[in-house]
Amino acid sequence: MTETVDARDDAARGPNRGARTFVIQVVSVALALALASEVARLLGVGSLFIGVVVFGSVIAVAAGIARNRPREPVMWWFVATALLMYLGAFVTGVCHWGSSGVVALPDVFRLVGYVAMTVGLIWWIANRRTQLDMTPLIDGVLISLGVLLVTWVLFLSPVLSLTGTPEPAIPAGFYPAFNAGMLTLTMYLVVASRGTNRSVLWMSVGFAVFFVGDMAAAVAVGGGPYPPAWLYDITFGVGVVSFAAAACNRSMTAVADLPLPALARTGGRGAALLALLVTCALVPLLITATTRADLVFRTVILMLVVLVTFLRGERALRRAQRSEDRARHDAGHDSLTGLPNRAALGSYVAAGDSTVLFVDLDNFKIVNDSYGHRVGDDLIAAAASRIRTAVAPGDTVVRYSGDEFVVVTDLDRASSESLARNIIDSVSRPFALGPIILYVTAAVGIARGATKAGPGGLDDVIREADTAMYYAKKRGAGALSYFDESLRHTAMRELAVATALRGAVARGEFEVYYQPIVATRSRRTLVFEALLRWHHDGVLVSPGDFVPVAESTNIIEEIGAWVLDTAIADLARLRADGHPDVSMSVNVSAKQLRDDSLPGLVRETLAKHGVNGDCLGLEVTESMLVDDAQKAESVLVALAAQGVLVVLDDFGTGYSSLSRLRNMPISVLKIDKSFVAEIGHAPSALSLLAAITSMAEAMSITAVAEGVETEQQMAVITEMGCTFAQGFLFGRPAPLDTWLSAQNRQR
3 MTETVDARDD AARGPNRGAR TFVIQVVSVA LALALASEVA RLLGVGSLFI GVVVFGSVIA
63 VAAGIARNRP REPVMWWFVA TALLMYLGAF VTGVCHWGSS GVVALPDVFR LVGYVAMTVG
123 LIWWIANRRT QLDMTPLIDG VLISLGVLLV TWVLFLSPVL SLTGTPEPAI PAGFYPAFNA
183 GMLTLTMYLV VASRGTNRSV LWMSVGFAVF FVGDMAAAVA VGGGPYPPAW LYDITFGVGV
243 VSFAAAACNR SMTAVADLPL PALARTGGRG AALLALLVTC ALVPLLITAT TRADLVFRTV
303 ILMLVVLVTF LRGERALRRA QRSEDRARHD AGHDSLTGLP NRAALGSYVA AGDSTVLFVD
363 LDNFKIVNDS YGHRVGDDLI AAAASRIRTA VAPGDTVVRY SGDEFVVVTD LDRASSESLA
423 RNIIDSVSRP FALGPIILYV TAAVGIARGA TKAGPGGLDD VIREADTAMY YAKKRGAGAL
483 SYFDESLRHT AMRELAVATA LRGAVARGEF EVYYQPIVAT RSRRTLVFEA LLRWHHDGVL
543 VSPGDFVPVA ESTNIIEEIG AWVLDTAIAD LARLRADGHP DVSMSVNVSA KQLRDDSLPG
603 LVRETLAKHG VNGDCLGLEV TESMLVDDAQ KAESVLVALA AQGVLVVLDD FGTGYSSLSR
663 LRNMPISVLK IDKSFVAEIG HAPSALSLLA AITSMAEAMS ITAVAEGVET EQQMAVITEM
723 GCTFAQGFLF GRPAPLDTWL SAQNRQR
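Structure follows, in structure tokens:
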């Protein structure tokens, strides 16, 4: 038998064209069988022709199973068995074997065939890889019972009342019912495959034409007109050929894996069933029973319909309840980790005192940027599992947001700090995510306070724990912090500072001081570093008190732009005042470095004051380059393209890396003052200074020694080859006018 086109070919051609092709194939098969059957009838071998068609279909099904090798072949062997029974029915009918009795032998064969087909489809339902759902079977039974009741009342009951013999009525009533039920089950398959699985479509055609032929027979048995003989041949022949085509199509291997479609559970299917139930209820009422047997039969069938309908409704209610429970669970839980989410946090809180641990993964953004969000999700899930394992069974772990988790417990300070250390240690162990090994750390903030039951009852304690976590991060990787009165005062003070910083630029409270950077050989001042100072309420606020606060907020962007403009304006003033060789060095915040607009801002500011880019250096720290390396590199490359010098500040104290020096456009590195301070105290300091200086020289990077305060230190760094030096030995930071006055006095 010629194999039909695979569903994958239909998908490639488009659904409309695939549907037209299939309809043409079905019509062609029907016309070919009709023509061949008529020719065979004229030749006197009509029965032999139909027998050959049925026998060939049995062989074709077996060949299709052997060639395609489906994952679940049992269903298809039941189909082959059903066709074999149809062949037996045909042979015994033609030979008039076993024609006497309540049920003739051909009808026995055919009924067994229908049972085999039913068992095959039920086998498919029970052995799918997806969750078992009996809804298709229940719908099939309902429709079968409804069709059986209608055919009985309209066609078969009158025959029984007139003849008193049930022989022709029993099989004639069951055949359409079986086919209606099977057609219902296959329609589930059609919807599941979205009409693209040819094997399923051929099966539905087979049951549909069987239903048409059997209904015509039921009408004839009930006293209606007998259809022409060719109609039986066409419906029977097209039916068995359709089943053979279903088995021979390559898409038959996918039938066992088709899920039950959600569409089959929606209102359209329910409306069809409702119409069926109304029909089943009205037909017996409109046509009265003629005999006691008729009444009993109707009553039994109606009771079965009601029972099956009740079962379906009960299953629908249970399914709705499960869906509601699942929706409620999903609304309160994180899909990635399975933990309760932020929205459900209130339901886990009781009135009283609670301790909250706020856990944040360090450098999680680097993992996402480096390996992608899939690896990031895997890391979050693995970290959640470790945190859940670290806490006690009665404690609550919540995925708060992103890489943040909240643990709610009733532990005291000592015990909660011990738990925090356990969490930090657990998270610090390497994560094996497939071929990738990741190392991360966690910062934990702890707070304890009074809580109220219900939503929002834990907000104050969470806010304090979040604040403690922020201070833990400032202390370094893998740190913890407890929110106590000291931390509360610090937080309140920083909040007051942040509030006062807003509008400080407009109020003129900021001033730029300058510290000289001198050439070690000549001691000439060739560079000034711009350092920000803040006069607030008549008091000079220490940079250590307000710069970190400004950097933790968006205020730093406004302040940074003002400092850049002021420093470049003062540089233009210096060069115009007889110091054409002087350059300026300005510190850049982490937020500015992550801003793509920084190169444009620098370009505009330089042009505004008529200063070339090679007269400006922008200082960044090593930690800034680590936090978002790709963004930092792109911004620094754009700055270097303008001639701006990139200065690496505090070298040796952060994440020092030779590859970073090689890959980033670094022109100057400033050796941290901690190394210079050790001169004369620690012999190893000399070795480190010498190594850094030699490395800078080898990489054509200018080295600047910071924190030079004594002549001894100056002599050592000069001997080692440092090109520039900066420190109190050459002057403390001061306003520009102070330096100009000093320069003028030296003239």
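Those letters in the sequence shown? Residues 3 to 749, by our numbering.
Don't be surprised by glycine CBs; every beta carbon is placed ideally from N, CA and C.
Residues of the same chain with a CB within less than 8 Å of the CB of Leu-603, apart from the 5 flanking positions on each side, are Ala-563, Leu-566 in chain order. At a Cβ-Cβ threshold of 8 Å, Ala-481 and Val-429 do not count as neighbours. Going by DSSP, Gln-632 is part of the alpha helix (DSSP H) stretching over 631-642. Val-54 is not a Cβ neighbour of Met-87, given a cutoff of 8 Å.
Under the three-state reduction of DSSP output, Glu-511 falls in the coil class, being neither helix nor strand. Runs of alpha helix (DSSP H) with 4 or more residues, each lying fully within the stretch 644-726, are found at 660-665, 675-679, 685-700, 713-722, listed in chain order. When DSSP reads this structure, Met-586 sits in a beta bridge with Phe-530, Leu-618.
Where Ser-403 is concerned, the enclosing beta strand (DSSP E) starts and stops at 398-403.
Ranked by how close their Cα comes to the Cα of Phe-530, the residues Trp-536, Ala-508, Ser-483, His-581 have His-581 in first place. Look at Asn-556 here: in three-state DSSP terms it is coil, with no helix or strand label. A buried status is given to Glu-496, since no fewer than 16 other beta-carbon atoms sit within 10 Å of its beta-carbon.
Between the C-alpha atoms of Thr-623 and Val-648 there is a straight-line separation of about 10 Å. Phe-730 carries a coil assignment under DSSP once its states are collapsed to helix, strand and coil.
Phe-485 carries a coil assignment under DSSP once its states are collapsed to helix, strand and coil.
Three or more beta-carbon pairs drawn from the stretch 185-205 and the stretch 243-255 are found closer than 8 Å, and the two stretches are therefore classed as touching. DSSP places Val-613 outside both helix and strand once states are collapsed to three, so it counts as coil. Bounds of the beta strand (DSSP E) holding Thr-357 are 354-363. Here Arg-450 is bridged, per DSSP, to Thr-357. Residues Gly-115, Ala-118, Met-119 of the same chain have their beta carbon placed closer than 6 Å to that of Ala-84, with the five preceding and five following residues left out of the count. Nearest to Ile-673 by C-alpha distance, out of Thr-725, Val-628, Ala-684, Val-637, is Thr-725. With distances taken between CA atoms, Ser-387 lies nearest to Arg-401 out of Gly-396, Arg-401, His-375. With respect to the 8 Å criterion, Ala-219 and Tyr-190 are not classified as neighbours on the basis of their beta carbons. By the 16-neighbour rule on beta-carbons within 10 angstroms, Ile-719 is buried. With distances taken between CA atoms, Val-207 lies nearest to Val-31 out of Val-31, Leu-421, Leu-440, Asp-583.
Within the model, the alpha-carbon separation for Cys-97 versus Leu-107 is close to 11 Å.
Distance from Glu-559 to Lys-610 at the Cβ level is roughly 18 Å; contact not present, criterion being Cβ atoms closer than 8 Å. Within the model, the alpha-carbon separation for Val-302 versus Val-149 is close to 14 Å. Contact check for Asp-616 and Gly-654: beta-carbon distance about 26 Å, past the 8 Å limit, so the pair fails to qualify. With a cutoff of 8 Å on beta-carbon distance, Arg-450 and Thr-357 are scored as near each other. For the 8 Å CB-CB criterion, Ser-195 and Leu-260 form a contact. For the options Leu-35, Ile-61, Arg-112, the alpha carbon positioned closest to that of Ile-236 is the one of Leu-35.
If you check the CB distance, Phe-360 and Met-471 come in under 8 Å.
A direct Cα-to-Cα measurement between Asp-327 and Thr-411 gives close to 27 Å.
The criterion of a C-beta distance shorter than 8 Å is not satisfied by Val-710 and Val-670. The three-state secondary structure of Thr-492, taken from DSSP, is helix.
When Cβ pairs closer than 8 Å are counted between the two stretches, the stretch 536-545 is seen to touch the stretch 502-513, the count reaching three or more.
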